[in-house]
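Residue numbers (the working numbering): 3 to 163. Quick reminder that beta carbons are idealized off the backbone N, C-alpha and C, glycines included. As structure tokens, the structure follows; a few thoughts come after it.
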């Protein structure tokens with residue numbers, strides 16, 4: 003680009019910064035956007051006699067793009083913060099404690115007879131009734147109840163220590 007183009011840009015620069023600052027409300031950002039307008043203007047080889055209106059349009063478009071980018075970033079940050087501060091999401095300390103309790107329960111249940119563990123699974127996970135558990139395991143519904151109760155009692159006792 004010629005010295006004439008640079009002179010045209012420099013003659014418009016203060017006005018361009020004022021326009022950008024009125025749109026973005028930040029002098030440093032306005033300076034950056036005006037600098038960017040220079041690179042875009044020289045890169046596109048616009049006619050020198052239309053430098054004023056073209057540079058103003060480039061600056062205005064850059065300011066609009068800046069506002070859109072800021073809005074996207076605020077939305078992304080808000081979504082991130084709301085997800086990370088969500089009350090339903092467990093804290094790291096809670097996760098560590100839950101894992102320790104799970105280990106204790108697994109150790110306690112590993113000492114139970116296999117039928118008791120199966121009865122507990124059928125009751126708690128599969129949602130079967132005591133009659134259905136009894137039929138599946140070939141025992142009475144009272145025995146099924148006792149098997150589930152023993153497994154639950156051992157898990158509860160492990161958590162109390």
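Check, Outcome
"Burial state of residue 144, where buried means 16 or more other Cβ atoms lie within 10 Å", "exposed"
"For residue 28, three-class secondary structure by DSSP", "coil"
"Terminal residues of the alpha helix (DSSP H) in which residue 106 lies", "94-112"
"Beta-carbon proximity check, residue 119 vs residue 111, cutoff 7 Å", "yes"
"Simplified DSSP state of residue 79, which is helix, strand or coil", "helix"
"Cβ neighbour criterion (16 or more within 10 Å) applied to residue 10", "buried"
"CA-to-CA distance, residue 152 to residue 109, given in whole angstroms", "14 Å"
"Same chain, Cβ closer than 7 Å to residue 124, neighbours up to 5 away in sequence not counted", "130, 135, 138"
"C-alpha distance - residue 52 paired with residue 36, whole-angstrom precision", "17 Å"
"DSSP state of residue 54 mapped onto helix, strand, coil", "helix"
"Own chain partners of residue 33 with C-beta closer than 7 Å, once the 5 adjacent residues on each side are dropped", "19"
"Euclidean distance between Cα positions of residue 69 and residue 94", "36 Å"
"First through last residue of the alpha helix (DSSP H) which encompasses residue 150", "143-162"
"Buried/exposed call for residue 14, threshold 16 Cβ in 10 Å", "buried"
"Which of helix, strand or coil DSSP assigns to residue 132", "helix"
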